[in-house]
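A.B. asks: Residue numbers (this note's numbering): 124 to 465. Take this structure, written in structure tokens, and hold onto it; I'll ask about it next.
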């Protein structure tokens with residue numbers, strides 16, 4: 124059994140780990156939100172119940188990207204994210220949604236938990252059948268006491284945290300509970316648990332594992348499914364070969380039966396989600412064939428490669444700007460430099 128840590132299972136969890144947004148970026152974002160309320164579909168009350176989780180400006184494209192998290196009574200609503208982009212003060216793209224009438228959806232009418240953060244941690248450990256060898260000890264608090272950091276209690280590879288938030292119980296948000304979301308990384312497994320404990324009655328509301336387990340031991344399971352079959356997306360049919368697990372480029376593949384060989388690409392056409400759309404669901408995100416799509420973000424958009432890290436360092440092994448894949452046979456989360464490639 125091979126274990127793969129899914130780094131982006133939870134967008135909200137990822138955003139919570141990002142450094143604080145600067146005051147200047149916050150001010151610029153609020154100015155854009157207020158000036159474009161009608162175009163975005165936000166009310167003044169919506170803006171007041173919003174946390175700016177990230178905001179940054181790309182001078183090379185003259186685009187500001189904004190990531191918002193919906194809040195209610197000052198607490199974030201788990202994974203309720205809205206992503207926008209602006210150019211010249213106008214909305215360029217708008218993706219995501221908000222839950223309306225939160226007063227009707229929330230299971231309680233205030234954010235005073237009936238359960239302490241420590242009690243929630245104890246409940247979460249019990250739910251995962253984990254036995255602590257040390258008592259809980261508070262190391263620090265943040266967000267007006269709504270996030271509490273504890274020691275590892277002798278059971279976790281990292282400090283255990285508990286964060287007070289609203290948890291939708293289904294994708295439509297018909298019921299939204301006030302919970303303590305407890306983060307635990309057990310020493311005895313490769314799991315990264317997010318256990319949401321009802322902040323009033325102590326029951327387990329939801330459990331997420333940021334680790335995905337894949338079984339590669341059965342040969343017949345080791346295959347890549349044709350997306351045209353899996354998703355039924357018609358526009359892929361002209362660009363995918365149902366007998367092969369990779370996308371073929373017609374301009375570069377004159378003969379599909381010949382083996383692939385390395386070559387330098389100076390110009391080519393690809394089926395892409397055109398820049399600056401972030402996904403097929405975003406406005407302007409319908410996949411189209413674009414010639415040399417890497418030029419759409421200006422020349423500065425292609426100066427870094429997948430294996431370029433912080434400070435512009437180019438690695439010659441499996442490390443890049445947002446991924447570092449390495450062996451961890453001892454399950455110690457201790458990166459080791461893999462064999463280099465030239």
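The beta carbon of each residue, even a glycine, is placed where N, CA and C say it ideally should be.
Check this for me: beta carbons of residue 296 and residue 222, under 8 Å apart or not?
C.D. replies: Cβ atoms of residue 296 and residue 222: closer than 8 Å.
A.B. asks: CA-CA distance, residue 298 and residue 192?
C.D. replies: Approximately 18 Å, taken between the alpha carbons.
A.B. asks: Would you call the segment 268-277 and the segment 204-216 in contact, with 3 or more CB pairs under 8 Å?
C.D. replies: With the cut-off at 8 Å, the segment 268-277 and the segment 204-216 do not touch.
A.B. asks: Measure the alpha-carbon distance for residue 151 versus residue 177 and round it to whole angstroms.
C.D. replies: One C-alpha to the other measures close to 12 Å.
A.B. asks: Tell me the rounded alpha-carbon separation between residue 458 and residue 447.
C.D. replies: Cα to Cα, residue 458 sits roughly 8 Å from residue 447.
A.B. asks: In terms of residues, what are the limits of the alpha helix (DSSP H) holding residue 244?
C.D. replies: Looking at the DSSP string, the run of the alpha helix (DSSP H) that includes residue 244 is 240-250.
A.B. asks: In the DSSP assignment, the beta strand (DSSP E) including residue 300 goes from what residue to what residue?
C.D. replies: Looking at the DSSP string, the run of the beta strand (DSSP E) that includes residue 300 is 299-307.
A.B. asks: Would you check if the segment 227-235 and the segment 177-191 touch, i.e. whether three or more CB-CB distances between them fall below 8 Å?
C.D. replies: Because the criterion of three Cβ pairs below 8 Å is not met, the segment 177-191 and the segment 227-235 do not touch.
A.B. asks: Given this structure, state the Cα-to-Cα distance separating residue 294 from residue 256, to the nearest angstrom.
C.D. replies: Cα to Cα, the separation comes out at about 37 Å.
A.B. asks: Consult DSSP for residue 434 and reduce its assignment to one of helix, strand or coil.
C.D. replies: Of the three classes helix, strand and coil, the one that applies to residue 434 here is helix, per DSSP.
A.B. asks: Would you list the residues sitting across from residue 291 in a DSSP beta bridge?
C.D. replies: Paired residues: 299.
A.B. asks: Are the beta-carbon atoms of residue 289 and residue 207 separated by less than 8 Å?
C.D. replies: No.
A.B. asks: Once DSSP output is grouped into helix, strand and coil, what is the label at residue 499?
C.D. replies: Since the first residue of the chain shown is 124 and the last is 465, residue 499 is not available in this structure.
A.B. asks: Does the beta-carbon distance from residue 322 to residue 238 come in below 8 Å?
C.D. replies: Against a cut-off of 8 Å, the Cβ pair of residue 238 and residue 322 comes out as a contact.
A.B. asks: Please go through the segment 177-251 and give each complete alpha helix (DSSP H) segment of 4 or more residues, from N-terminal end onward.
C.D. replies: Listed in chain order, the complete alpha helix (DSSP H) runs (minimum 4 residues) inside the segment 177-251 are 225-228, 240-250.
A.B. asks: Which two residues bound the contiguous beta strand (DSSP E) that contains residue 486?
C.D. replies: Lying outside 124 to 465, the shown extent of the chain, residue 486 is not represented and no answer is given.
A.B. asks: Tell me the rounded alpha-carbon separation between residue 241 and residue 173.
C.D. replies: Those two C-alpha atoms are separated by around 28 Å.
A.B. asks: Would residue 163 and residue 153 qualify as a contact pair, given that the criterion is a beta-carbon distance under 8 Å?
C.D. replies: No, the Cβ-Cβ distance between residue 163 and residue 153 is not below 8 Å.
A.B. asks: Are residue 305 and residue 320 closer than 8 Å when you measure CB to CB?
C.D. replies: In contact: residue 305 and residue 320 (Cβ atoms closer than 8 Å).
A.B. asks: With a threshold of 6 Å on Cβ separation, who are the neighbours of residue 286 within its own chain once the five nearest residues in sequence on each side are excluded?
C.D. replies: Closer than 6 Å at Cβ, skipping near neighbours: 270, 304.
A.B. asks: Give the secondary structure of residue 148 by DSSP, where H, G and I count as helix, E and B as strand, and everything else as coil.
C.D. replies: Helix.
A.B. asks: Using the Cβ count rule (16 or more neighbours within 10 Å means buried), how would you classify residue 404?
C.D. replies: It is exposed - the Cβ of residue 404 has fewer than 16 other Cβ atoms within 10 Å.
A.B. asks: Would you call residue 279 buried or exposed, if buried means 16 or more other Cβ atoms sit within 10 Å of its Cβ?
C.D. replies: With 16 or more other Cβ atoms within 10 Å, it is buried.
A.B. asks: What distance in whole Å lies between the Cβ atoms of residue 335 and residue 247, which are believed to be in contact at a cut-off of 8 Å?
C.D. replies: With 8 Å as the limit, residue 247 and residue 335 do not qualify as a contact, their Cβ atoms being about 20 Å apart.
A.B. asks: When the Cα of residue 451 is compared with those of 268, 324, 312, which residue comes out closest?
C.D. replies: For residue 451, the nearest C-alpha among the options comes from 312.
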